[in-house]
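**Q**
Protein chains: 2
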Amino acid sequence: MAGRRSVEVARSTRERILRKAADIASVEGLGGISIGRLATDLDMSKSGVIGHFGSMEELQLATIDLGSEIFKRLVWDPALPEPSGRQRLLAVCDYWSAYSANPPYPGGCLIATASMELAGQSGPVHERLAGYLTLWHRTLAAEVRYGVEHAQLAASTDPDTVAYILQALTSSIKTATHLSAVPEAADRCRTAMRAVLAGDGADPTDGLR
Amino acid sequence: MAGRRSVEVARSTRERILRKAADIASVEGLGGISIGRLATDLDMSKSGVIGHFGSMEELQLATIDLGSEIFKRLVWDPALPEPSGRQRLLAVCDYWSAYSANPPYPGGCLIATASMELAGQSGPVHERLAGYLTLWHRTLAAEVRYGVEHAQLAASTDPDTVAYILQALTSSIKTATHLSAVPEAADRCRTAMRAVLAGDGADPTDGLR
DNA sequence: CCTACCGATCGGTAGG
DNA sequence: CCTACCGATCGGTAGG
Numbered sequence: 063m064a065g066r067r068s069v070e071v072a073r074s075t076r077e078r079i080l081r082k083a084a085d086i087a088s089v090e091g092l093g094g095i096s097i098g099r100l101a102t103d104l105d106m107s108k109s110g111v112i113g114h115f116g117s118m119e120e121l122q123l124a125t126i127d128l129g130s131e132i133f134k135r136l137v138w139d140p141a142l143p144e145p146s147g148r149q150r151l152l153a154v155c156d157y158w159s160a161y162s163a164n165p166p167y168p169g170g171c172l173i174a175t176a177s178m179e180l181a182g183q184s185g186p187v188h189e190r191l192a193g194y195l196t197l198w199h200r201t202l203a204a205e206v207r208y209g210v211e212h213a214q215l216a217a218s219t220d221p222d223t224v225a226y227i228l229q230a231l232t233s234s235i236k237t238a239t240h241l242s243a244v245p246e247a248a249d250r251c252r253t254a255m256r257a258v259l260a261g262d263g264a265d266p267t268d269g270l271r
Numbered sequence: 063m064a065g066r067r068s069v070e071v072a073r074s075t076r077e078r079i080l081r082k083a084a085d086i087a088s089v090e091g092l093g094g095i096s097i098g099r100l101a102t103d104l105d106m107s108k109s110g111v112i113g114h115f116g117s118m119e120e121l122q123l124a125t126i127d128l129g130s131e132i133f134k135r136l137v138w139d140p141a142l143p144e145p146s147g148r149q150r151l152l153a154v155c156d157y158w159s160a161y162s163a164n165p166p167y168p169g170g171c172l173i174a175t176a177s178m179e180l181a182g183q184s185g186p187v188h189e190r191l192a193g194y195l196t197l198w199h200r201t202l203a204a205e206v207r208y209g210v211e212h213a214q215l216a217a218s219t220d221p222d223t224v225a226y227i228l229q230a231l232t233s234s235i236k237t238a239t240h241l242s243a244v245p246e247a248a249d250r251c252r253t254a255m256r257a258v259l260a261g262d263g264a265d266p267t268d269g270l271r
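Residue numbers (this note's numbering), protein chains in the order written: chain A, 63 to 271; chain B, 63 to 271.
This is how it looks when you write it as structure tokens:
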């Protein structure tokens, strides 16, 4: 009825606000989000915007949550049908580099931008992001470990190092493409990722050359 | 005399302002710099701060210049005595990873932070940073090319890909250390870098595994 | 969800 | 280099 409908409307307004906040943050960082600007862009009042969250900090936390959900949906979920280990990792790399090269935000991956911005700061927003990134690193490392244990990757492979390398290669696509005049960054990333996961019995830290 | 002395004083004040601006930007990005905050931190008036630069944009440009100078002094200059090619690249990687793991700023490498922040934006500050990064990428790639031409690195090596990989590995030290609970990031970066430049005749994109 | 408002801070300038 | 000031915008609240 009326109550149900208004709850639904409120939820969709909240989502509209968060999508806009994520778009802004992808370009200028979470610090670029402002209540007044969101209100102007969305044709709302400032109190209408912040009323959904209570404070700027809560809005930033919700933006991080949305960014994490979108990342999971576009990079991890579609790779899940693949068998565990090397094959799943190869699929993750494909979806991940495609996501980074053609991001669902105007300014590139929101998580990558926020990571560099929040790395040196402290507080709840830092902690929230750190939780997601630590989880992702462990997910990747666990997948590598599975590959090693099932002889899909060389026994000398260090799961944490490979997870680190994959993360580094993807998060540099944004800066390389837009700042270092390296438009082919996404291709180079994919080449390097597949070399790391070549699985021809060589040690993964051979694959980078 | 008095004139000379005042010029010198002004220059040293300008440098104090820029050092502080660089420290702030390394933590919060160039957007975190504010004239009022610099004035408070340095016990000056706001007009005393901005008078040295004319505008916020000029202050940010000067901060980028300082960051580039510091990077060159700590990473490139000390590697120059090494012979061109693979040996010089190995030295660059040592200085670079040490600089990234133990940066001369409270918030990590200023250039890395500003790169992610400015990648999606446009304007003079973006252009200034892009110039430095493009130059650095070309410097690295040229050094790799020299190594290939002198049989220090495998003939199949792609200089641009190797330059991309080295840049990616170092710029992720900051986020991995502070957000992904990977305190050994600097070691992993160095391991991967040396693998890329192993020079044992294998293709560099073998080195990553 | 709105209007109307709060104190604080923003970049920048005038005048000295 | 300073004080004093400008209009604009910040996050947030009161009251409806």
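A virtual CB, placed ideally from N, CA and C, is assigned to each residue, including glycine.
Going along chain B in order, which residues have a C-beta closer than 9 Å to the C-beta of D105(A)?
**A** Within 9 Å Cβ-Cβ: nothing; D105(A) doesn't reach chain B, min ~24 Å.
**Q** Cβ atoms of K236(B) and M178(A): under 8 Å apart, would you say?
**A** yes
**Q** Going by DSSP, what residue range makes up the alpha helix (DSSP H) through M118(B)?
**A** 118-133
**Q** If you compare alpha carbons, which of D268(B), P221(B), A84(B) is closest to T201(B)?
**A** P221(B)
**Q** Provide the residue span of the alpha helix (DSSP H) that contains S177(B), from first to last.
**A** 172-180
**Q** For a contact defined as C-beta to C-beta under 7 Å, what are the partners of D127(B) on chain A?
**A** Per Cβ cutoff of 7 Å: no residues; D127(B) is ~16 Å from chain A at best.
**Q** Please report the Cβ distance between T219(A) and D265(A), rounded to the nearest whole angstrom; I am assuming they are in contact, meaning their Cβ atoms lie under 8 Å.
**A** 7 Å
**Q** So, for L59(B): in the same chain, excluding its five sequence neighbours on each side, which residues have a beta-carbon less than 7 Å away from its beta-carbon?
**A** Residue 59(B) falls outside the range modelled here, since chain B spans only 63 to 271, and no answer is possible.
**Q** Beta-carbon of M63(B) versus every beta-carbon of chain A: anything under 8 Å?
**A** Residue confidence is low: M63(B) scores 49 on pLDDT, short of 50, so the model does not pin down where it sits. Its coordinate-derived value is still stated next. Chain A contact via Cβ: absent.
**Q** Whose CA, out of T102(B), T125(B), F133(B), lies closest to the CA of L80(B)?
**A** T125(B)
**Q** Run the CB neighbour count on D262(A), radius 10 Å, all protein chains shown included, and call it buried at 16 or more, exposed below.
**A** exposed
**Q** Got a sec: is the Cβ-Cβ distance from I132(A) to anything in chain B below 8 Å?
**A** Using a Cβ-Cβ cut-off of 8 Å, I132(A) does not count as an interface residue toward chain B, since no Cβ of chain B sits closer than that to its own.
**Q** Under DSSP, the alpha helix (DSSP H) around T201(B) begins and ends at which residues?
**A** 186-211
**Q** When you compare only the Cα positions, how much space is there between W138(B) and V224(A)?
**A** 27 Å
**Q** Buried or exposed: which applies to T102(B), given that a residue is buried once 16 or more other Cβ atoms fall within 10 Å of its Cβ?
**A** Classification of T102(B): exposed, given that the 10 Å Cβ count is below 16.
**Q** Let me check understanding here. Comparing Cα to Cα, which of G185(B), W158(B), T267(B), L228(B) lies closest to Q122(B)?
**A** G185(B)
**Q** I want to see whether chain A comes within less than 8 Å of H240(B), judged by CB atoms only; does it?
**A** yes
**Q** What is the rounded straight-line gap between the Cα of G182(B) and the Cα of R250(A)?
**A** Roughly 20 Å between the two C-alpha positions.
**Q** DSSP on G110(A), reduced to helix/strand/coil?
**A** helix
**Q** At a Cβ cut of 8 Å, what residues of the segment 170-198 of chain A count as close to chain B, listed as they run along the chain?
**A** G170, A174, T175, S177, M178, E179, L180, A181, G182, Q183, H188, L191, A192, L195, T196, W198
**Q** Taking 8 Å as the cut-off, decide whether the C-beta atoms of V61(B) and H199(A) are in contact.
**A** The structure shown has nothing for residue 61(B), since chain B only spans 63 to 271.
**Q** Pick helix, strand or coil for G269(B), following the three-state DSSP scheme.
**A** Strand.
**Q** Does the segment 147-161 of chain B touch the segment 90-105 of chain B, meaning 3 or more C-beta pairs lie closer than 8 Å?
**A** no
**Q** Check whether the Cβ of Y157(B) lies closer than 8 Å to any Cβ atom in chain A.
**A** no
**Q** From which residue to which residue does the alpha helix (DSSP H) around V154(B) run?
**A** 148-163
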